[in-house]
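Enquirer: Encoded as C-alpha cells, here's the structure I'll be asking about.
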Amino acid sequence: MADRLSSSSTQSPSPTQSSSPTQSPSPTQSPSPTQSPSPTQSPSSSRIAGAVIVGGIGSLLAAALLAYFAYAATVVDVPDYGGTYIEGTIGPPVTLVPMLAQDDTARTISALIFNGLTRFSADGTIVPDLATDWEIDPQSRSYIFHLRQDVHWHDGTPLTVDDVLFTYGLLTSPERNDPIWSNVRAEREGDWSVRIFLQNNVYIPLLEYVTIGILPRHRLGEVGADQIIFSPFNLEPVGTGPYRIEEVAENFVLLRANEDYFDGTPHIRYLKFKFYPNAKAIITALERGEVEGVSYLPSSEIDRVREITDVEVYSTPLAGHTVLYFNLHRSTFFDRAIRRAIAHAVNREDLADEAQRDMADPLEGPIMPTSWAYTADVRRYAYDPARSRALLEQAGWTMGLDGVRVKGDARLSLTLLTTDLPGQSEIAETIAVQLRQVGFEIDVQVSGPSVLLNDFMRTHNFDMALYTWLLNGLDPDPYVT
16 MADRLSSSST QSPSPTQSSS PTQSPSPTQS PSPTQSPSPT QSPSSSRIAG AVIVGGIGSL
76 LAAALLAYFA YAATVVDVPD YGGTYIEGTI GPPVTLVPML AQDDTARTIS ALIFNGLTRF
136 SADGTIVPDL ATDWEIDPQS RSYIFHLRQD VHWHDGTPLT VDDVLFTYGL LTSPERNDPI
196 WSNVRAEREG DWSVRIFLQN NVYIPLLEYV TIGILPRHRL GEVGADQIIF SPFNLEPVGT
256 GPYRIEEVAE NFVLLRANED YFDGTPHIRY LKFKFYPNAK AIITALERGE VEGVSYLPSS
316 EIDRVREITD VEVYSTPLAG HTVLYFNLHR STFFDRAIRR AIAHAVNRED LADEAQRDMA
376 DPLEGPIMPT SWAYTADVRR YAYDPARSRA LLEQAGWTMG LDGVRVKGDA RLSLTLLTTD
436 LPGQSEIAET IAVQLRQVGF EIDVQVSGPS VLLNDFMRTH NFDMALYTWL LNGLDPDPYV
496 T
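When the letters of the sequence shown are read in order and numbered with the working numbering, they come out as residues 16 to 496.
Here's what the structure looks like:
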C-alpha cells in the first residue's frame with residue numbers, strides 16, 4: 016500500500032515561528048538517507064536492497080510508513096527569523112550519528128545536524144549538498160565529487176576532503192561488515208575532490224547513498240567504527256548542517272540555528288524535540304499545548320487528532336509501501352499456485368480502508384506511482400477468495416477437519432513475521448485472518464525492525480515477512496541491487 020502523510024496546523028499567526036520554504040526545516044524534512052539509512056544512514060536505500068535480494072515480492076499492500084504528522088504550528092504571511100518550534104516524537108534517540116541512526120527520531124534530528132555530498136530535493140531528485148557537482152565515468156564504475164570550499168563544522172573547523180575519506184572509511188570498515196558499502200572504495204582526487212569506486216561488479220545507486228551525513232575526522236579520528244556509539248559524540252555531535260546541538264536532556268533535544276550555515280541561516284531559531292513513550296502520550300501533549308507538532312503517528316490515532324480544537328489534519332502521499340514477501344527458498348513457495356492463492360486471498364482494499372483508516376492506497380507492484388518508471392500495465396491479482404480456494408484444491412491441498420489444508424502429511428502452515436512498528440502487527444493479523452479463511456494456518460510473530468531484517472530476511476530464515484519501506488527518491492534503482 017502506498018501511504019499518505021498527515022499534518023495539522025492551527026490558524027493563529029506568530030511573527031517569530033514562521034518558516035521559509037527553502038531555509039527552515041519542517042518535521043517532514045527528515046534525512047534524505049534517513050530519512051532512511053543509506054545502508055547506514057539511509058534506511059530506505061539499504062533496506063530495500065537487502066529485501067529485494069531476499070526473494071520474491073508477494074502481495075504488495077500499498078501502504079507504507081503510514082506516518083502521520085500533526086502540526087499545531089502557527090502560520091504567517093512573511094517569513095521572519097527567531098522563535099521556537101516544539102515537536103513531539105516517540106522515544107529518545109539512541110544515537111544522533113547518521114550512519115548509526117535507525118529510528119525516526121534519530122534520523123530526523125541527525126538530518127538537521129549533518130550534510131551529505133548530495134541530498135534529495137523536494138521533487139525527489141538528487142541535487143548537490145556538500146558537493147558542488149560530480150563526474151561519472153562512462154562505465155559508471157567511479158564518481159568524482161567536487162566539494163564546496165566554504166563549509167565549516169559547528170566548532171569552526173573547515174570541512175576538508177579528509178573528513179569525507181574518513182567517513183567512507185568508517186562505512187567500509189570490516190567492523191561494520193556492510194553488504195553495500197563493502198563494495199565501495201574512496202580516494203583523494205586533488206585538494207577538493209574525492210573519487211569513489213564501485214567494486215566487485217556490484218551496482219549501487221551511489222548518488223542516493225552519498226546523501227549520508229559526513230563526519231568530522233578531527234573529532235572522531237581516534238575512535239573506531241564500533242566505538243562511536245559509546246563516545247560523547249554519539250548524542251552531542253558536531254556537524255555542518257543548518258542546526259547545531261544546544262542542549263541534550265533525558266526527555267528532549269534542543270537545536271539552535273547555525274548562523275554560519277553555508278546555505279543561509281534557518282528562519283526558526285530553535286527546534287525542540289520532546290520525547291514521549293507512545294503516540295497516545297504525544298497526542299495528549301498536543302491537546303495540552305506542550306508541543307506544536309507531532310510526527311509519525313499510527314493511523315489508529317488520526318481520528319483523535321482530528322478532534323483537537325484548532326488543529327487541522329492534512330495528508331499528502333508518502334513515497335513508501337508495505338510489502339508481503341515470500342521466501343522463494345522455502346519449498347512451499349516453489350509451487351506457483353500457492354503464491355497466486357495468497358495474492359487472491361489478501362484484500363488490499365480492506366487493509367487500506369480498515370487496518371490503515373483509509374490512509375493508504377493499494378499498489379500492484381513495487382514501483383511507486385510517483386516514479387517516472389511506474390506503469391499501470393502489470394498483471395493484477397484481484398481479491399477473490401473463491402479463486403484462491405480453487406487454486407489450492409487444484410494443487411492438491413484439501414481442507415482438513417480443523418480448517419487447515421493438508422497435502423499428504425503436510426499442513427499448509429506458514430509463519431508471518433513483522434515488526435513492532437506502529438500498525439504493522441495489525442496489518443499482519445488482518446492478513447492472517449484472510450489467509451485462514453481459505454485454509455492456511457498462519458502464525459504471526461513480531462520483532463524489532465533490525466532483528467527482522469538482519470536475522471531473518473537477509474538470512475532467508477522466514478516463510479513470509481511483512482515489511483514497510485520509506486523510499487528516498489523517485490528512481491527505482493534500489494530494486495536492481
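The C-beta atom is built at its ideal place from N, Cα and C for all residues, glycine as well.
Considering only residues of the same chain and omitting the five flanking positions on each side of A352, which have a CB-CB separation below 6 Å?
Expert: L406 and A410
Enquirer: Restricting to runs no shorter than 4 residues, where is the alpha helix (DSSP H) found entirely within the region 170-229?
Expert: 176-186 and 221-224
Enquirer: Which same chain residues end up closer than 7 Å to D350 when comparing Cβ atoms and leaving out the 5 residues on each side of it in sequence?
Expert: A410, listed in sequence order.
Enquirer: Quick one: complete alpha helix (DSSP H) runs, 4+ long, within the region 220-294?
Expert: 221-224 and 232-235
Enquirer: Please report the straight-line C-alpha distance between H344 and L431, rounded to a whole angstrom.
Expert: 15 Å
Enquirer: Classify H475 as helix, strand or coil using the three-state DSSP reduction.
Expert: coil
Enquirer: DSSP state of R420, grouped into three classes?
Expert: strand
Enquirer: Can you list, in chain order, the residues of its chain with a C-beta nearer than 6 Å to that of A480? Leave out the 5 residues immediately preceding and following it.
Expert: Taken in chain order, the residues that qualify are Y340, L432 and M472.
Enquirer: Identify whether M148 lies in helix, strand or coil by the three-state DSSP scheme.
Expert: Correcting the residue identity first, residue 148 is Asp in this sequence and not Met. Three-state DSSP puts D148 in a strand.
Enquirer: How far does the alpha helix (DSSP H) with H359 in it reach, from first residue to last?
Expert: R351 to A360
Enquirer: Bridge partners of T99, per DSSP?
Expert: Y285
Enquirer: Look at E456 and V419 and say whether their C-beta atoms are less than 7 Å apart.
Expert: yes
Enquirer: Helix, strand or coil, according to DSSP, for V5 in the structure here?
Expert: Lying outside 16 to 496, the shown extent of the chain, residue 5 is not represented and no answer is given.
Enquirer: For the beta strand (DSSP E) containing D368, name the first residue and the last one.
Expert: No beta strand (DSSP E) holds D368; DSSP gives it neither H nor E.
Enquirer: Taking only three categories from DSSP, how would you classify I298?
Expert: I298: helix per DSSP, three-state reduction.
Enquirer: Can you look up F341 in the DSSP assignment and give me helix, strand or coil?
Expert: strand
Enquirer: Count the C-beta pairs between the region 150-169 and the region 266-281 that are closer than 8 Å, then say yes if the count reaches three, no if not.
Expert: Enough Cβ pairs lie closer than 8 Å, so yes.
Enquirer: Can you name, in chain order, every residue of its own chain whose Cβ lies under 8 Å from the Cβ of G73, other than the five neighbours on each side?
Expert: Note that G73 has pLDDT 41, beneath the 50 cutoff, so the model's placement of it is unreliable and the number below is only indicative. Hits under 8 Å: V338, L339, Y340, F341, R354, I357, A358 and M479.
Enquirer: In angstroms, rounded to a whole number, what distance separates the CA positions of S61 and S465?
Expert: A caution first: S61 carries a pLDDT of 29, below 50, which makes its placement in the model unreliable, though a value can still be read off. Going from the Cα of S61 to the Cα of S465 covers about 12 Å.
Enquirer: Compute the beta-carbon to beta-carbon distance between G103 and I297, rounded to the nearest angstrom, for a pair I have assumed lies under 8 Å.
Expert: 4 Å
Enquirer: Measuring alpha carbon to alpha carbon, tell me which residue in L427, G106, Q452 and A447 is nearest N266.
Expert: G106
Enquirer: In chain order, what residues of the same chain have a beta carbon less than 6 Å from the beta carbon of D399, not counting five sequence neighbours either side?
Expert: H359
Enquirer: Take V461 as the anchor and find which of I101, Y482 and L450 has the nearest alpha-carbon.
Expert: Y482
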